[in-house]
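>
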Amino acid sequence: MTDGRRTMLALTMGDPAGIGPEITAAAWRALRAGDGPVFVVPGDVALLSAHAPVRAVADMAEAALVFPDALPVLPVDLVRPARPGQPDSANAPAITGSIERAVRLAQAGQIAAMVTNPISKLVLKQAGFPHPGHTEYLAELCGVAGQEVMMLACPELRVVPVTVHVSLRRALDSLTTAEIIRCGRTAAAALRRDFAIASPRLAVAGLNPHAGEGGVMGDEEQTIIGPAIAALQADGFDVTGPWPPDTMFTPPARARYDVALCMYHDQALIPLKTIDMAGGVNVTLGLPIVRTSPDHGTAFDIAGQGVADPSSLLAALRLADDMARNRGAA
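The sequence shown begins at -6 in the numbering used here and counts up by one.
(1) DSSP three-state call for T(-5): helix, strand or coil?
(2) Sorted by chain position, which residues of the same chain lie with C-beta nearer than 6 Å to A87's C-beta, five sequence neighbours on each side aside?
(3) Over the uninterrupted alpha helix (DSSP H) stretch that includes L117, give me the two end residues.
(4) When DSSP labels each residue in this structure, what does V59 get in the three-state scheme?
(5) Can you give the beta carbon distance from P193 to D269, rounded, assuming they're within the 8 Å contact cut?
(6) Quick one: what's got a C-beta closer than 6 Å to T0's C-beta in the same chain, skipping five residues either side?
(7) Is the separation between the beta-carbon of T277 and that of E141 shorter than 8 Å?
(8) Classify G272: buried if its beta carbon has 16 or more other beta carbons within 10 angstroms, exposed otherwise.
(9) Applying the 10 Å Cβ sphere with the 16-neighbour rule, what's the burial state of E206?
(10) Take P80 and list the residues in its own chain whose beta-carbon comes closer than 7 Å to its own, dropping the five residues that flank it on each side.
(11) Mind reading off the beta-carbon distance from I222 to V232? Whole number of angstroms is fine, and I expect it under 8 Å.
(12) Where does Q140 sit, in a helix, a strand or coil, going by DSSP?
(13) Between the Cα of D212 and those of L165, M53, L195 and T5, spot the shortest distance and give me the residue it belongs to.
(14) Here's a check: name, in chain order, each residue in its chain whose Cβ is nearer than 6 Å to the Cβ of V50, leaving out the five neighbours to either side.
(15) Name the residue from F32, A204 and Q100 whose alpha carbon lies nearest to the alpha carbon of A309.
(16) Work out the CA separation of H158 and A78 for me, nearest whole Å.
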């Protein structure tokens, strides 16, 4: 939902024992009087009222009205009061309930996009949560399981890990030509639709040191990655590679592409977080809705101390706003 001026978003509660409540309050203070997006939080009223003035609301129209004066909250009650830095799996239903509420609002067109505060995969797993993380759960809720692709973005770099939340050994075993092609197609489509890049340029990373150096240091570039690049090029995409992973993230190299397809999680996330940890945003591609999140975790070790940096959350809210507007204009 957008009125052409201020886009309405939903921001999930995240783990209530983490830094989500305090960075939510900080983001509200930063945006309440400006011209950026506004947001509603499906979350626990008592939890959030400890950090900001809060108003329980019933719908998006009411949320937009109260946003300049109070943080609008759609009540989702915790089972037990949260204590900063002490996660409790008893509150898992409220954590996932907040996510589900935001998805339903997006599907109904009542919000333009959703932004998710950090969750703890361990806490949810202890409560029987079957998904590796947010990304896979959102795809299931949206009815597109298996089509999701994770992108990390900051002003200087966008990266897509082809294999994501699995061990490095399993990532190497599960890397396939078909999966590289799928991620490349999804990334290119998203860059056009959500980032307004008419002719996206994709750079594909090698897997091995020096991109295998002609097979001397491994042949995956010839047997897995090269055929994927050829297939994407045959489909008309602007794709180059395989690039040596140790040189493709320098400033001159980054100027030559719009997104880097990386073969495993840390190959993608280490350079992005090194370049811009505070401004990095996690984006889920391949969904029928827009979803972003900060690129950091729950930070239980500093929760409740008033030192959490809201920069990544603010970047996620602003990028969700931009993506929703681009998608609406498409």
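A virtual CB, placed ideally from N, CA and C, is assigned to each residue, including glycine.
Well, looking at it:
(1) Note that T(-5) has pLDDT 47, beneath the 50 cutoff, so the model's placement of it is unreliable and the number below is only indicative. Here T(-5) sits in strand by DSSP.
(2) V69 and L71
(3) K114 to Q119
(4) helix
(5) About 20 Å; that fails the 8 Å criterion.
(6) P30, A105, D314 and A317
(7) yes
(8) buried
(9) exposed
(10) D8, A10, S113, V116 and F293
(11) 5 Å
(12) coil
(13) L165
(14) A56 and P65
(15) F32
(16) Note that residue 78 is Gly in the sequence shown here, rather than Ala. Computed Cα separation, rounded: 24 Å.
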